[in-house]
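Contents: one structure, followed by commentary.
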Amino acid sequence: MKRLIVILLCFVPLVLFARQRNDSSYVHSFAVQVGVDVGGGVPVPFSYVPPVFRPLPKVLPSIGVKYAFVLHPNWKLGGELTYKHIEMNAEALVENMKVTLPWRDENGDYLIQYFTGQAKIMMINDILELPVYVSYSFPSQRHKILLGGYAVWVISGKFVNKPLLGFIGNEPDDVDVVITSGDQIPPEQTDFSRYLAKWDAGLLFGYECQVYKRINMGVRITCGFKDIFDFKVLEFKMLQMRGTVVISYDLWRF
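Residue numbering for the sequence shown follows the numbering used here, starting at 55 and increasing by one per position.
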């Protein structure tokens, strides 16, 4: 709630003091926008999603700026710069989930463990997102579709995979340690934050509608193609997939 209040306090004065220009013909436009974002890391291939998987995403506000350049009456080139705080928790029942940690044992091999049971996952990211896309406006000029890509700088990140109940073994189905409490496992074996990558990139799809003169509302769907980890901690990839609802106001058109 505090984040939303701060964003609104930044957004409203800009709209109130926006320059009034002739909207009939322009090539460049510069806008401010706010939105709400939901999503996080998703196992890929989807066959690795556990049969019992309960995601608990948080809907959180974002704030940014947007620029558009008119290529043709129906085509525009657009770009945005947006700050987002993303959180998603999940609860799952997993079977023989393989985890590899870059610790060397007496044989010089990485530490590999298999967990079966109930686990809680927590993902938190502060990111700066830079989408670039082409938009096509339908004849009414009110509705448009967007297609492009995005790059992300991960300012800070946290990923914790905490076993709550079950067992851990050095081989599939082995029972070396029985877990009856989430506090049994040392934090360095459940907190994978240090292995998170500092950047991401992927595809963007979107839709936008002009609701009133300079005001636009839209949705963005982003799908990453880079694993969120720099080191292959899990046997599958975790890719960022998010959805965003935005509202923007064109401050300047020229």
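Positions of the beta carbon are idealized from the N, C-alpha and C atoms, including for glycine.
Reduced DSSP secondary structure (H/G/I, E/B, other) of residue i
i: Q195; result: coil
i: N76; result: Any reading at N76 needs caution, since the residue's pLDDT is 46, under 50, leaving its predicted position unreliable; the model's value is listed next. Coil, per DSSP.
i: Q243; result: helix
i: R268; result: coil
i: M292; result: strand
i: I282; result: coil
i: N161; result: coil
Cutoff 7 Å; reference residue i; Cβ partners in own chain excluding five residues on either side
i: D24; result: Outside the displayed range of the chain (55 to 308) lies residue 24, so it cannot be described from this structure.
i: P97; result: V103, F290 and M292
i: L219; result: G171, Q172, I233 and T234
Residues that DSSP places opposite residue i in a beta bridge
i: S210; result: D180
i: V231; result: I222
i: A251; result: Note: A251 sits in no beta bridge, so no partner.
i: D304; result: A85
i: Q238; result: Looking at the DSSP assignment, Q238 forms no beta bridge with any residue, so it has no partner.
i: P217; result: A173
Other residues of its chain near residue i: CB distance less than 6 Å, five sequence neighbours each side excluded
i: T298; result: G89, D91 and R274
i: R75; result: Low confidence applies here, because R75 scores a pLDDT of 46, under 50, leaving its location unreliable and the question unanswered by this model.
i: D304; result: S83, A85 and R268
i: G278; result: D254, G256, L293 and Q294
i: K130; result: A122, V124 and S189
**Asked** At which residue ranges does the segment 82 to 148 contain complete beta strand (DSSP E) runs of 3 or more residues, listed in the order of the chain?
**Response** The segment 82 to 148 contains these whole beta strand (DSSP E) runs: 82 to 98, 106 to 111 and 114 to 126.
**Item:** Segment contact flag, the segment 225 to 232 with the segment 163 to 178, C-beta cutoff 8 Å, min 3 pairs
**Value:** yes
**Item:** Meets three-Cβ-pair contact criterion under 8 Å: the segment 135 to 147 and the segment 179 to 187
**Value:** yes
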